[in-house]
Amino acid sequence: MSTNKAFWRRWLGGSKSHPEAASANAAADPLEEGLADLKWSEEEKRKVKQEESFGEEIGNATTHGVMAIFMLCILPYAAVNSYLKARSGNAILDSVTTSVFCIGTFLMFLMSTIDHTMKHGTKQKEVFNRLDHIMIFFAIAGTYTPVCLSIIGGKWGIGLCIAQWAVVIAGTLKKAIAFSKSAVSYVFSALLYLLMGWMIVLAFPILYEQASPVAFWLILAGGLCYTSSVVLFFMRFKFSHMIFHLLVVFGAICHVIALCFLA
């Protein structure tokens with residue numbers, strides 16, 4: 057804590073009297089503790105706290121890293137299980153759609169994990185941060201694919217699936233070409249993710265009829281976990297982002313159980 061205070065006092069005061077000491081402490085992490093005691097503006101404190109500490113980033117990477125491994129491991133079983141349990145004539149379709157769900161969710165967790173292992177302020181961090189945001193589109197549409205084509209079916213299912221993947225294309229182009237970390241951009245992206253996630257309400261009656269009761273409520277519970285995680289995303293306190301990650305993990309687990317084991 058004393059090291060962190062000394063680091064920031066030298067940095068803010070522009071002191072050049074001890075260059076060797078400044079160099080020795082340049083690698084010190086000022087985000088761990090001691091912010092409350094520093095005499096500077098609240099605006100600067102908030103700016104610093106937008107970047108998680110090393111310990112927080114370990115938690116962020118671990119939570120989604122474990123899920124990335126899990127989704128990769130569950131993929132072969134889910135594909136085969138869906139094929140064997142499919143209704144007559146739908147075996148290949150069910151296997152493919154379930155695989156799309158697993159792959160989309162895996163990519164979301166993988167990109168998030170890599171993003172949180174990158175050093176702040178680097179080009180690598182910027183690239184994987186974009187990919188992290190883009191893969192959320194793929195994970196949502198990937199989850200909709202078995203729901204729409206294997207459970208709902210018909211014109212409603214096909215229409216919803218096309219709408220989902222159309223948003224994926226638009227969202228990917230937007231993130232790739234005009235990526236921004238402004239508050240307005242984050243809010244817009246969050247609203248777009250929520251719009252994609254809750255598009256299912258248009259076909260709720262059909263989903264309720266076609267899915268098993270447990271699968272239906274697990275799909276709904278997963279959606280609620282994802283939705284509530286948005287609140288944590290915009291909050292700033294120690295390990296708030298890791299809690300956001302855990303809610304995403306709970307949502308994904310609900311959907312894995314529903315789509316890979318029950319649907």
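The opening position of the sequence shown corresponds to residue 57 in our numbering, with each subsequent residue numbered one higher. The C-beta atom is built at its ideal place from N, Cα and C for all residues, glycine as well.
Specify the secondary structure class of His-172 as computed by DSSP and reduced to three states. coil
For Ile-309 and Met-342, the rounded distance between their alpha carbons: Past the boundaries of the shown model lies residue 342; the chain is included only from 57 to 319, so the question cannot be answered.
Between Ile-114 and chain B, is any beta-carbon pair separated by less than 9 Å? Although the question refers to chain B, the structure presented lacks it and comprises just one protein chain.
Mind checking which residues open and close the alpha helix (DSSP H) that includes Ser-285? 269-289
Are the segment 167-178 and the segment 140-156 touching by the rule of at least three beta carbon pairs closer than 8 Å? no
Nearest-angstrom Cβ-Cβ length linking His-120 and Ser-155, presumed shorter than 8 Å: Rounded, the Cβ-Cβ distance is 20 Å, inconsistent with contact.
Nearest to Val-203 (by Cα), restricted to the options Met-191, Phe-272, Lys-294: Phe-272
Please state if the CB of Phe-193 and the CB of Lys-231 are separated by a distance shorter than 9 Å. yes
Return the chain-ordered list of same chain residues with a C-beta closer than 7 Å to the C-beta of Ile-207, the five sequence neighbours on each side being excluded. Leu-263, Gln-266, Ala-267, Ala-319
Whether Leu-205 touches Leu-258 by CB criterion (9 Å): no
Pick out whichever of His-301, Leu-302, Gly-307 has its Cα sitting closest to the Cα of Cys-281. Gly-307
Is Thr-119 helix, strand or coil by DSSP? helix
How would you label Ser-285, buried or exposed, when you count the other beta carbons within 10 angstroms and need 16 or more for buried? buried
Starting from Ile-309, trace the alpha helix (DSSP H) both ways and give me its first and last residue. 296-312
Would you kindly work out how many angstroms separate the C-alpha atoms of Leu-128 and Thr-153, rounded to a whole number? 15 Å
Give the DSSP-derived three-state secondary structure of Gly-253 in the structure shown. helix
Measure the Cβ-Cβ separation of Gly-227 and Thr-201 and say whether it is below 9 Å. no
Boundaries of the alpha helix (DSSP H) in which Lys-231 is found, first to last residue: 210-233
Simplified DSSP state of Phe-293, which is helix, strand or coil: coil
Flag this pair as yes or no: are the beta carbons of Ala-195 and Val-223 separated by less than 9 Å? no
According to the neighbour-count rule (16 or more other Cβ atoms, all chains shown, within 10 Å of its Cβ), is Pro-86 buried or exposed? Its pLDDT being 45, under 50, Pro-86 is placed unreliably in this model, and the coordinates cannot settle the point.
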